[in-house]
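Engineer: All residue numbers for the sequence shown refer to my numbering, where the first residue is 140 and numbers rise by one.
Beta carbons: idealized from backbone N, C-alpha and C, even for Gly.
Sending over a structure as structure tokens; questions will come in a sec.
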Amino acid sequence: MSSASPKPVKITTFPLRNQPGRIAGYTIGAALMLLISRRGFIAPGSIIYNTLIKTPEAAQTAAKIQDWAFLFVVGAHSIEVPLFAVTKLKKHGVPFFSVLWWKWAVACFVGGLAAWKHFALTVAAAEGKRA
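Here it is, written out as structure tokens:
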């Protein structure tokens with residue numbers, strides 16, 4: 140008698156219909172990445188500069204923080220995408236570099252751990268249909 144685990148379900152969709160919270164989460168993630176990549180966000184004349192920074196010294200500190208935040212966020216998410224592709228997408232039969240693969244990869248880059256949870260829920264739903 141074999142105790143082999145069942146074959147993983149094949150994922151063929153990127154479900155976002157009727158999930159406004161998930162769409163908002165990915166949109167917020169993309170907006171935050173955009174904001175930490177733009178120096179103009181903290182430049183003199185910007186809302187942040189005029190309300191929080193106000194001095195050249197504080198602007199220099201804010202620029203350093205922005206640089207490190209950008210490197211950390213983009214670096215972490217850049218590492219996360221290949222990990223996600225190898226451990227999740229490949230396992231569940233998502234064809235490499237297909238449109239579906241790119242949807243999940245971009246979602247992972249923008250949303251980080253939220254994409255992992257989204258994928259896990261998608262897998263759970265597919266497994267529920269299989270049973």
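Taking the alpha carbon of Gly179 as the point to measure from, which residue in Thr226, Gln199, Gly267 and Ala253 has its own alpha carbon closest?
Structural biologist: Of Thr226, Gln199, Gly267 and Ala253, the residue nearest in Cα terms is Gln199.
Engineer: Sort Phe153, Pro145 and His216 by Cα distance to Leu260 and report the nearest one.
Structural biologist: Nearest of Phe153, Pro145 and His216 to Leu260, Cα basis: Phe153.
Engineer: Gly160 and Gly250 - do their beta-carbons sit closer together than 7 Å?
Structural biologist: No.
Engineer: When DSSP labels each residue in this structure, what does Ala182 get in the three-state scheme?
Structural biologist: Here Ala182 sits in coil by DSSP.
Engineer: According to DSSP, is Gly214 part of a helix, a strand, or is it coil?
Structural biologist: In the structure shown, Gly214 sits in a helix (DSSP, three-state: H, G or I).
Engineer: Helix, strand or coil: how does DSSP classify Gly251 here?
Structural biologist: Three-state result, Gly251: coil.
Engineer: Among residues of its own chain, excluding the 5 on either side of Tyr188, which ones have a beta-carbon nearer than 7 Å to its beta-carbon?
Structural biologist: Only Ile181, Ala182 and Ala198 meet the Cβ criterion.
Engineer: Return the first residue and the last residue of the alpha helix (DSSP H) that Arg271 is part of.
Structural biologist: Here the chain has residues from 140 to 270 only, and residue 271 is not among them.
Engineer: Can you give me the C-alpha to C-alpha distance between Phe209 and His257, rounded to a whole angstrom?
Structural biologist: Whole-angstrom Cα-Cα distance: 24 Å.
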